Ligand SMILES: *Cc1c(COP(=O)(O)O)cnc(C)c1O
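Numbering (the working numbering), first residue to last: 101 to 527.
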């Protein structure tokens, strides 16, 4: 397997290489455990002296193949697949933070991640300082504390679609001897590879574009292998782990210290691993990821340009539009496209937006995004319906806001659907 293959080739081939007589397609290894001939062999596995499978909470051949594929796509040294994107985010921070530590995070992150940090992990005595997505270097510097152990952001924020200046975040994190953890769910490694811009750890909700068919919930953590964990800030990686007879991760696993610890410590203790069947489904999705992202982006660009010209639309937010304040950053970090999600306002506010959403025929109303089927959500009348217009404004969500996740159907049909729904709003 050549590391130099292009991303679309890696999507199809990375991670699984059958030997003579083995199945051409990645099989589902639906087994919790694995047989060995001697106690000694098994003992070496338990001591982490040999690589191999012994219990599927920590490693499974189907899951392993998908992890290798995602690591290859991001250009990392290793990957751990998890049961959800939320689990990946939690483990990525917990792997290097304990009670008393502090993290600086962008505030415009996925709502679930914000709750995890702001409430659940604060209750575990891990503190967070939140900064706005287009934070200045001075503001970011001011947020860093002596006990800061990580900086966290999203490459392209869900749902506000801010393109983050990853190089700026990485610069400040590295100046303080801590890693930058980036959620790369929306662009996927097809459109952005954060390690090229200084990120150290990447997390994913594979539930979104990577899967793309809305058939499994999953997550992934990828390690660039470039961060120096021996700078004194990360004793959990450089001091003996008593639960493995005094093993020191950085000594035993070198560049893969962080990702190995995430697996053998956190998957062992917390048990939020991917199921083999989900890994199989995710792998099928990954095979067509490059093709799908291209189509999602070209369709979304057409829809965004169409909406921008329509007088019944008050505003359009899509980083592929020249009018977007994030157009330049998108050109730098995601020159081939961003993602398929667009947000926009319908003239007439809450009632008009709800009527528009209900009038769509091709697009389905769901809470999900990044599916190959076009889907739509009007937050003010669904996920955020208990909020007043005033409270919505504070949350950065207009009462008129529609979030459209443009699928890979024929663009003519998507545009015709939008047009007929807009006609109904004004009828
Ligand atoms: C959906 C999402 C998550 C959470 O992932 P789950 O797989 O739903 O747990 C995290 N980050 C981003 C950017 C997301 O869109």
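Glycine is no exception: its CB is placed at the ideal position from the N, C-alpha and C atoms. Since this is a predicted model, take the numbers as computed values, not measurements.
Q) Assuming residue 182 and residue 319 make a contact with CB atoms under 8 angstroms, what is their CB distance in whole Å? A) 4 angstroms
Q. Which residue's Cα is closest to the Cα of residue 506: 169, 444, 492 and 149?
A. 444
Q.
Can you check which of these residues, 234, 140 and 233, is closest to residue 150 by C-alpha distance?
A. 140
Q: Please go through the segment 399-472 and give each complete alpha helix (DSSP H) segment of 4 or more residues, from N-terminal end onward.
A: 427-433 and 449-459
Q: Alpha carbon to alpha carbon, how far is residue 459 from residue 520? Give it in angstroms, no decimals.
A: 8 angstroms
Q.
Less than 6 angstroms between C-beta atoms, sequence neighbours within five positions excluded: which residues of the same chain meet that for residue 416?
A. 404, 407, 408 and 444
Q: Closer than 8 angstroms by C-beta to residue 225: which residues in its own chain qualify, once you throw out the five before and the five after it? Chain order, please.
A: 199 and 200
Q. Would residue 175 count as contacting chain D if we go by Cβ distances under 9 angstroms?
A. No chain D appears in the structure shown, which is made up of a single protein chain.
Q: Kindly examine ligand 2 and report whether one of its heavy atoms sits closer than 8 angstroms to the Cβ of residue 285.
A: Looking at this structure, you won't find ligand 2 anywhere; what it does contain is ligand 1.
**Q.** Same chain, Cβ closer than 7 angstroms to residue 278, neighbours up to 5 away in sequence not counted
**A.** 248, 249, 250, 251 and 333
Q. Name the DSSP bridge partner or partners of residue 250?
A. 203
Q) Cα-Cα, which of 168, 175 and 147 is closest to residue 104? A) 175
Q. Roughly how far, in whole angstroms, is the beta-carbon of residue 337 from the beta-carbon of residue 357, given that I think they are within contact range, below 8 angstroms?
A. 5 angstroms
(Q) Rounded to whole angstroms, what is the Cα-Cα separation between residue 371 and residue 363? (A) 10 angstroms
Q. What do you reckon, are the CB atoms on residue 205 and residue 229 nearer than 9 angstroms?
A. yes
Q) So is residue 132 buried or exposed if we call it buried at 16+ other beta carbons inside 10 Å? A) exposed
Q: Could you check the C-alpha separation between residue 355 and residue 428 for me, to the nearest Å?
A: 34 angstroms
Q: Please classify residue 222: is it buried, with 16 or more other beta-carbons within 10 angstroms of its beta-carbon, or exposed?
A: exposed
Q.
Assuming residue 185 is part of the alpha helix (DSSP H), what are its boundary residues?
A. 185-194
Q | Pairwise C-alpha distance: residue 301 and residue 292 | A | 14 angstroms
Q: Could you tell me whether the Cβ atoms of residue 192 and residue 348 are closer together than 9 angstroms?
A: no
Q) residue 430 to residue 231, Cα distance in whole Å? A) 20 angstroms
(Q) So the candidates are 441, 466, 469 and 481; which of them puts its Cα closest to the Cα of residue 453? (A) 481
Q | Backbone CA spacing between residue 500 and residue 107 [nearest angstrom] | A | 38 angstroms
Q.
Given 8 angstroms as the limit, tell me if residue 251 has its C-beta closer than that to any heavy atom belonging to ligand 1.
A. no
Q.
Rounding to the nearest angstrom, what Cα-Cα distance links residue 238 and residue 213 in this structure?
A. 25 angstroms
**Q.** Among 395, 167 and 412, the one whose alpha carbon lies nearest that of residue 440
**A.** 395
**Q.** Residues sharing a beta bridge with residue 305, DSSP
**A.** 319
Q: Report the residue from 311, 467, 414 and 242 whose alpha carbon sits nearest the alpha carbon of residue 276.
A: 242
Q) Can you give the Cα-Cα distance for residue 376 and residue 129, rounded to whole angstroms? A) 6 angstroms
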